[in-house]
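Data block below; observations after.
In this note's numbering, the protein residues as written are -10 to 365.
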């Protein structure tokens, strides 16, 4: 049996089509791309390249090092924002690479101001304020105080003012309108003093809340990679990710047997089990869980027992020709745990996870990545 690692397939053409779909959804806004966490585990270098080629010019990362890792593949006209700001000691790297930090505290604003004064550099930054999520962000009153000093904003190089929605994936949640009201109030007051600054509120799901939320720039992440941003209906995004696991062993039970760690499941004689390469060390603990499924030869097969560190057992009794496969007369097909039918959103919903979790969980280095499409 094949003992190699699983294969993580990334459809770059689907990523680009998803970006164009989002552009059509927010036609009056700049559509950026969030490619932090290595493009949610799918490869920021490849994803960033194809999106830039498609016309995207604004990219968001979590850290300075993430942005530097793709610096050689994003041309100079790409604007690279660092959502986590910058740590002490990263100042020179930030300036030399032309990165734009997102500043979320008055202390960060002061450090940025001092850095520009000491170096004499002209650089840009973004300011983030809290419109109701109560996470990272300046207090609205502090931002308005900064914005009231137009010359100070110019010296800081403020390019973008942004906030973040907490409940955008729940379209009817009242906090969406509350945050929009707070955002609009701040924007209207700041524009009187800083007419050239752009504003941004909407993430992937926020784009689908309507035009009111789009502002000057939208910041999709998960939707680019196939996660459903509009939970009220069918997924408008194209699937991007496939994950197939090779079968290490097939066995047919000769008698009723308990399966896996904890002996939590007993299956009858005649059941055919496939042991696939890939377990919770590869991110499958959150993807599959206790009620997980995969596909083998087009047939849905259930996970049997607990997921192990390096392997997962599936009940493949219903797969056509499984007896011949078990006897070694036919090669065992791989088991797909992510594909067009078992897409990220379906798997996440089945296992009470988030699409973000599913994608970032499968970043394990043991998978071999294969890219499809994306040709110039």
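A virtual CB, placed ideally from N, CA and C, is assigned to each residue, including glycine.
Residue environment: residue 64 is assigned as exposed (fewer than 16 neighbouring CB atoms within 10 Å of its CB, all protein chains considered). It is roughly 8 Å from the alpha-carbon of residue 20 to the alpha-carbon of residue 46. When DSSP states are grouped into helix, strand and coil, residue 114 belongs to the strand group. A distance below 6 Å between beta-carbons, with the five flanking residues on each side excluded, links residue 188 to the following residues of its chain, in chain order: 150, 176, 204 and 205. Cβ neighbours of residue 241 within its own chain (closer than 6 Å, five residues either side excluded): 261 and 315. Here residue 248 carries a strand assignment [DSSP, helix/strand/coil].
Following the DSSP letters along the chain, one finds residue 0 inside the beta strand (DSSP E) bounded by residues -4 to 0.
Under a 10 Å Cβ-count criterion, residue 99 is classified as exposed, with fewer than 16 other Cβ atoms of the shown protein chains found around its own Cβ.
Distance check between residue 119 and each of 106, 133, 107 and 111 places 133 closest, using alpha-carbon atoms only. Straight-line measurement puts the Cα of residue 3 at about 16 Å from the Cα of residue 14. Under the criterion of beta carbons closer than 8 Å, residue 337 and residue 347 qualify as touching, at roughly 5 Å. Residue 36 is classed as buried because its beta carbon has at least 16 other beta carbons within 10 Å across all chains shown. Taking one beta carbon from each stretch, the region 139 to 153 and the region 113 to 128 have 3 or more pairs nearer than 8 Å; the two touch. Under the DSSP definition of a beta bridge, residue 90 partners with 71. For a cut-off of 8 Å, the C-beta gap from residue 237 to residue 266 is around 5 Å, short enough to register as a contact. Distance from the CA atom of residue -2 to the CA atom of residue 184, rounded to whole angstroms, is 44 Å.
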